[in-house]
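Each residue of the sequence shown is one higher than the last, beginning at 104 in our numbering. Working notes, structure below.
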Amino acid sequence: DNPRALIAAPDRYEPRLTAVYADFARHYGITIIPARVRKPKDKASVEGAVKIVEMRILAAARDRIFGSLDQLNAWLAEAVAALNAAPFQKRVGSRQALLAQERPHLAPLPAQRFEVPTYLTRKVARDYHVDVHRQYYSVPHAAVGQTVEVRLTTAHVEVLQRDVRIALHRRAAPTQRFVTDPAHMPAHHQAFRDPKLHRRAAAIGPNTLALIEALFAQRRHPEQAIRSAQGVLALARDHGPAALETA
104 DNPRALIAAP
114 DRYEPRLTAV
124 YADFARHYGI
134 TIIPARVRKP
144 KDKASVEGAV
154 KIVEMRILAA
164 ARDRIFGSLD
174 QLNAWLAEAV
184 AALNAAPFQK
194 RVGSRQALLA
204 QERPHLAPLP
214 AQRFEVPTYL
224 TRKVARDYHV
234 DVHRQYYSVP
244 HAAVGQTVEV
254 RLTTAHVEVL
264 QRDVRIALHR
274 RAAPTQRFVT
284 DPAHMPAHHQ
294 AFRDPKLHRR
304 AAAIGPNTLA
314 LIEALFAQRR
324 HPEQAIRSAQ
334 GVLALARDHG
344 PAALETA
């Protein structure tokens with residue numbers, strides 16, 4: 104049926120899945136082959152199974168009254184088990200017997216259940232970071248000015264460019280604004296990272312360190328960032344490290 108939630112672009116030869124559905128298929132190691140639009144015979148066995156369920160289970164349920172959802176689910180479980188155990192009409196065996204034959208050849212489920220990700224489209228800023236809900240994650244500096252796709256889960260931020268991962272970060276804490284991988288910096292930024300400034304910033308906290316990293320990232324010439332960084336760190340002397348870290 105090619106629902107839009109699953110199939111982004113129906114096509115007889117090159118159908119395109121939605122990003123989430125493609126992730127789902129990769130996670131469970133399965134292959135998705137959509138039927139052609141308005142061609143139910145492409146999935147005749149599926150249509151046949153739906154018809155059998157409608158005739159043998161749903162039709163029988165119409166004459167019953169269930170006192171709760173639990174009762175309905177218990178009855179459905181018994182009805183499905185009976186249907187699977189019933190012998191085929193035109194060949195030997197049953198659905199249950201076929202499953203028993205195939206079970207040794209099935210791959211095990213992944214250790215983790217599939218988590219539905221959120222996708223965002225972002226343009227990489229001049230400081231080689233992308234904005235994710237007002238938190239900023241670095242990408243390789245060569246991607247500045249380009250459009251990328253950000254894949255969010257509860258644990259990670261993954262940045263993709265033409266379906267290739269270019270950056271992976273752990274999700275930042277709610278109070279953290281910048282997450283910067285030094286490997287993403289241009290060579291002249293890496294070479295000019297002031298060890299003393301960065302040590303002082305790290306001693307205050309991750310937010311302060313991220314701000315100092317961002318100052319260096321935003322300046323075309325890192326020398327320009329030194330005075331700004333010194334001014335930021337001076338605030339710790341005037342107002343206390345905790346106030347600077349939580350500002």
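From the three backbone atoms N, C-alpha and C, an ideal C-beta is built for every residue, glycine too.
Check, Outcome
"Those residues which DSSP pairs with Lys226 across a bridge", "Thr250"
"Paired residues, beta bridge with Val235 - DSSP", "Gln238"
"For Thr221, the residue or residues it bridges with in DSSP", "Leu255"
"Straight-line Cα distance separating Asp341 from Phe319", "23 Å"
"Whether Gln321 touches Arg229 by CB criterion (9 Å)", "yes"
"Outcome for Ile110 when other beta-carbon atoms lying within 10 angstroms are tallied against a minimum of 16", "buried"
"Beta bridge counterpart(s) of Pro190 as assigned by DSSP", "Ser197"
"Among Pro190, Val183 and Lys144, nearest to Asp104 - alpha-carbon criterion", "Lys144"
"Extent of the continuous beta strand (DSSP E) to which Leu271 belongs", "Val267 to Arg273"
"Cβ-based neighbour list, Ala210, same chain, cut-off 8 Å, excluding 5 preceding and 5 following", "Gly132"
"Run of the beta strand (DSSP E) containing Ala111, from where it starts to where it stops", "Ile110 to Ala112"
"At least 3 beta-carbon pairs within less than 8 Å: the region 234 to 243 vs the region 260 to 273", "yes"
"CB of Val253 within 9 Å of CB of Val233, strictly", "yes"
"Cut-off 7 Å between Cβ atoms - residues of its own chain near Arg115, not counting five sequence neighbours on either side", "Arg139"
"Near the ligand FMN: Leu312 beta-carbon under 8 Å from a heavy atom", "With respect to the ligand FMN, the structure shown offers nothing to examine, as it has no ligands at all."
"Residue environment, Leu172, which counts as buried when at least 16 other CB atoms sit within 10 Å", "exposed"
"Residues near His130 by beta carbon distance below 7 Å, same chain, minus five either side", "Pro213 and Phe217"
"Beta-carbon spacing of Pro285, Glu316 below 9 Å", "yes"
"Nearest-angstrom Cα separation, counted from Val335 out to Pro106", "53 Å"
"Leu314 vs Ala305 beta-carbon contact at 9 Å", "no"
"Per DSSP, the bridge partner or partners of Leu263", "Glu252 and Arg268"
"Chain-order list of residues whose beta-carbon lies under 8 Å from that of Gly248 (same chain, five-residue window excluded)", "Lys226, Val227 and Arg229"
"Delimiting residues of the alpha helix (DSSP H) encompassing Pro298", "Pro298 to Ile307"
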